[in-house]
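Below you'll find the structure, written out as structure tokens, and then a few comments.
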Amino acid sequence: MIDGSNGAEHFLDLIRRSRRGKFKIYIGMMAGVGKTYRMLQEAHELLNNGIDVRIGYVETHGRPGTEAMLRGVPVIPRKVVFYKGREIEEMDLDAILQARPELVIVDELAHTNMEGSRHRKRWEDVMELLDANINVISAINIQHIESLSGEVKEITGIEMKERVPDRILQEADEVVNIDLTSEELIGRLKAGKIYRPEKIQIALDNFFRTENILQLRELALKEVAFRVEKKVETEVFPAVSSARREKILACISSNEQTPRRIIRKAYRISSRYSTSFIALYVQTPRESPDRINLASQRHLLNHFKLVAELGGTVKQVSAEDIPQAIIATCREYHITAICMGHPAFKMPGAMFKILGYKQFLRVLSEMKIDLIIIA
Numbered sequence: 429m430i431d432g433s434n435g436a437e438h439f440l441d442l443i444r445r446s447r448r449g450k451f452k453i454y455i456g457m458m459a460g461v462g463k464t465y466r467m468l469q470e471a472h473e474l475l476n477n478g479i480d481v482r483i484g485y486v487e488t489h490g491r492p493g494t495e496a497m498l499r500g501v502p503v504i505p506r507k508v509v510f511y512k513g514r515e516i517e518e519m520d521l522d523a524i525l526q527a528r529p530e531l532v533i534v535d536e537l538a539h540t541n542m543e544g545s546r547h548r549k550r551w552e553d554v555m556e557l558l559d560a561n562i563n564v565i566s567a568i569n570i571q572h573i574e575s576l577s578g579e580v581k582e583i584t585g586i587e588m589k590e591r592v593p594d595r596i597l598q599e600a601d602e603v604v605n606i607d608l609t610s611e612e613l614i615g616r617l618k619a620g621k622i623y624r625p626e627k628i629q630i631a632l633d634n635f636f637r638t639e640n641i642l643q644l645r646e647l648a649l650k651e652v653a654f655r656v657e658k659k660v661e662t663e664v665f666p667a668v669s670s671a672r673r674e675k676i677l678a679c680i681s682s683n684e685q686t687p688r689r690i691i692r693k694a695y696r697i698s699s700r701y702s703t704s705f706i707a708l709y710v711q712t713p714r715e716s717p718d719r720i721n722l723a724s725q726r727h728l729l730n731h732f733k734l735v736a737e738l739g740g741t742v743k744q745v746s747a748e749d750i751p752q753a754i755i756a757t758c759r760e761y762h763i764t765a766i767c768m769g770h771p772a773f774k775m776p777g778a779m780f781k782i783l784g785y786k787q788f789l790r791v792l793s794e795m796k797i798d799l800i801i802i803a
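Take the position in the sequence shown, starting the count at 1, then add 428; the result is the number in the working numbering.
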């Protein structure tokens, strides 16, 4: 566990000193590591300390140990939503706000709410609870963090549809990693503590392969260590800054996939240096408003939305010469590093010609700008 705190006692102190709700997130490398169990364990500890704790939403997945931990913790009943002829239970945000507990347990932070809900995502519900001065403990798996979704897809071959913007983790007062070795996790799976017997072998053959677990575990450990490091920098040593103020530029296009990887990489770099990033889209005559196709428009809108979710700024310029537009933007904003995809040399309307690319690299070198190429 990495959190630099004393568990429930430390969080209890945060609650007592706060006006806005305090926010604690448990992160795990994947399902079954014990995030929900640990949240409920902490709920019992806080109840014993006289804190009014309620269950806003907990998903036990039928695990006996987790269900046993529910006993003794007051539950705010879920609301029933009718969707396409089915009854679906959702967290009752209004009931929690009306009850106004000191602390509420909200599981599955990345969950997408049913159509017609006040908020589209559960993390938005949590933000409203915090604004109402209700303390929240929640949980998420590493694969649902927006800026890491590309790396997770490379590891597992699966693209997660439900994702949480990284800024929500930045809102957290505490981020705690629930860690298990691959042997421990596979042992829990084989013992039937994660899935029903008929699903165990399928899980072992797919998501729960040892190589997946090891890589996701490393990703989770690094992420939580990074969050703790940033918290120390901003709260313990806020006056310390690097000699060079880093400014990151993400060069994006209307392609579907690569720009998303570029944006996420630019965000990770900018976070490392406690700065923001700019996403530059150069609109050439080939993609002028009267010529760009609908698919490209849709991809661009999705890219712009992702930039906003990760706290970046979109800059759109119209130009025939993309390299010159990039260099002009670098000068305007004093950019120190550029993230971009592999340049195309042979395609019609290619971004670079070989000689032009060499000149582009020379100018970046003269301006002392680092270039990061994203595959």
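Even glycine gets a Cβ: it sits at the ideal position worked out from N, Cα and C.
Owing to the predicted nature of the structure, the values given are computational and were not obtained by experimental measurement.
Exercise for the section: Quick one: residues in its chain with C-beta nearer than 6 Å to the C-beta of THR494, no 5 flanking neighbours on either side, listed in chain order? Expected result: The answer, listed in chain order, is THR464, TYR465 and THR488.
Exercise for the section: Given a cut-off of 8 Å, decide if SER575 and ARG696 are closer than it, judged by their beta-carbon atoms. Expected result: The answer is yes: Cβ separation under 8 Å.
Exercise for the section: Have a look at the DSSP bridge pairing and note the partners of ASP798. Expected result: Bridge partners of ASP798: ALA765.
Exercise for the section: Could you tell me which uninterrupted alpha helix (DSSP H) segments, each at least 4 residues in length, are contained entirely in the stretch 707 to 749, listed from first to last along the chain? Expected result: Within the stretch 707 to 749, the runs of alpha helix (DSSP H) that reach at least 4 residues and sit entirely inside it are, in chain order, 722 to 737.
Handout entry: Opposing strand residues paired with ILE516 [DSSP bridges]
Key = VAL509.
Exercise for the section: Output the distance between the C-alpha atoms of ILE568 and GLU715, rounded to the nearest integer angstrom. Expected result: Cα to Cα, the separation comes out at about 39 Å.
Handout entry: Alpha-carbon to alpha-carbon, SER682 and GLN725
Key = A straight-line Cα-Cα distance of about 7 Å links GLN725 and SER682.
Exercise for the section: Mind checking who ASN605 pairs with in its DSSP beta bridge? Expected result: DSSP output for ASN605 lists ILE455 as bridge partner(s).
Practice task
Could you check if ILE586 is buried or exposed, using at least 16 other CB atoms within 10 Å of its CB as the buried criterion?
Solution key: Its Cβ having fewer than 16 others within 10 Å, ILE586 is exposed.
Handout entry: For TYR623, three-class secondary structure by DSSP
Key = In the structure shown, TYR623 adopts coil according to DSSP, grouped into three states.
Problem - Nearest residue (CA-CA) to LEU440, options SER698, GLU515 and VAL481 - result: The candidate whose alpha carbon is nearest that of LEU440 is VAL481.
Problem - beta strand (DSSP E) segment containing SER566, residue limits - result: Where SER566 is concerned, the enclosing beta strand (DSSP E) starts and stops at 563 to 569.
Practice task
Whole angstroms is fine: what's the gap from ILE551's alpha carbon to ILE573's?
Solution key: With the sequence shown as reference, residue 551 is identified as Trp, and Ile is not the correct amino acid for it. Here the alpha carbons of ILE573 and TRP551 stand approximately 12 Å from one another.
Handout entry: Cβ shell of GLY456 (< 6 Å), same chain only, five flanking positions each side left out
Key = The answer, listed in chain order, is LYS463, ASN569 and ILE606.
Handout entry: Closest Cα partner of LYS659 within the set LYS627, VAL603, SER793 and SER698
Key = That would be VAL603, whose Cα lies nearest to the Cα of LYS659.
Handout entry: PRO805 burial status per 10 Å Cβ neighbour count (16 or more: buried)
Key = Residue coverage of the chain in this structure runs from 429 to 803, which leaves residue 805 outside it and unanswerable.
Exercise for the section: Go to ILE614, then tell me how far its alpha helix (DSSP H) extends in each direction, as first and last residue. Expected result: Run containing ILE614: 610 to 618, per the alpha helix (DSSP H) assignment.
Handout entry: Between the CA atoms of TYR485 and CYS679 - distance to the nearest angstrom
Key = The straight-line gap from Cα to Cα measures roughly 41 Å.
Handout entry: Contact set for LEU644: own chain, Cβ-Cβ below 8 Å, skip 5 residues either direction
Key = Answer for LEU644: MET457, MET458, ILE570, GLN571, VAL580, ILE583 and THR584, listed in chain order.
Practice task
Answer yes if the stretch 736 to 753 comes into contact with the stretch 609 to 629, meaning at least three C-beta pairs across the two stretches below 8 Å, and no otherwise.
Solution key: Segment contact: the stretch 609 to 629 against the stretch 736 to 753, fewer than three CB-CB distances shorter than 8 Å; contact not assigned.
Exercise for the section: Classify GLY432 as buried or exposed, calling it buried when 16 or more other Cβ atoms lie within 10 Å of its own Cβ. Expected result: Its pLDDT being 46, under 50, GLY432 is placed unreliably by the model, and the measurement read from it follows with that caveat. That one is exposed.
Problem - For GLY578, the three-state DSSP class (helix, strand or coil) - result: The answer is helix: DSSP assigns GLY578 an H, G or I state.
Problem - SER793 classed as buried or exposed, judged by whether at least 16 other C-beta atoms fall within 10 angstroms - result: Label assigned to SER793: exposed.
Problem - Contact check, THR703 vs GLU674, beta carbons under 8 Å - result: Contact flag set, yes.
Problem - Straight-line Cα distance separating ILE565 from ILE453 - result: ILE453 and ILE565 have their C-alpha atoms spaced approximately 6 Å apart.
Practice task
Return the CA-CA distance between VAL509 and ASP553, expressed in angstroms with no decimal places.
Solution key: VAL509 and ASP553 have their C-alpha atoms spaced approximately 16 Å apart.
Problem - ARG700 versus PHE654 - alpha carbon distance - result: Spanning the two alpha carbons is a distance of roughly 8 Å.
Practice task
For ARG692, collect the residues of the same chain with a Cβ closer than 6 Å to its Cβ; drop the 5 residues on either side in sequence, then sort them by chain order.
Solution key: Result list for ARG692: SER575 and GLY578, in chain order.
Problem - Pairwise C-alpha distance: LEU708 and LYS805 - result: Any property of residue 805 remains undetermined from this structure, which presents the chain solely from 429 to 803.
Practice task
Closer than 8 Å by C-beta to ILE800: which residues in its own chain qualify, once you throw out the five before and the five after it? Chain order, please.
Solution key: Take ILE800, set aside five residues on each side of it, and the residues of its chain with a beta-carbon closer than 8 Å to its own are LYS693, ILE697, ALA765, ILE766, CYS767 and MET768, in chain order.
Practice task
Could you tell me which of CYS758, ARG689 and TYR761 sits nearest to ILE802, measuring between CA atoms?
Solution key: Of the listed residues, the one whose Cα sits closest to ILE802 is ARG689.
Problem - Delimiting residues of the alpha helix (DSSP H) encompassing TYR425 - result: Since the first residue of the chain shown is 429 and the last is 803, residue 425 is not available in this structure.
Problem - Rounded separation between VAL532 and ALA756 - CA only - result: Linking VAL532 to ALA756 through their CA atoms gives a straight-line distance of about 50 Å.
Exercise for the section: Leaving out five residues on either side along the sequence, give the residues of the same chain with a beta carbon under 6 Å from the beta carbon of THR686. Expected result: Here the set comprises GLY769.
Exercise for the section: Compute the distance between the beta-carbons of GLY460 and LEU647, then report whether it is under 8 Å. Expected result: It is not a contact, given that the beta carbons lie outside the stated cut-off.
Problem - Endpoints, alpha helix (DSSP H) assigned at ARG689 - result: Counting along the chain, the alpha helix (DSSP H) containing ARG689 begins and ends at 686 to 700.
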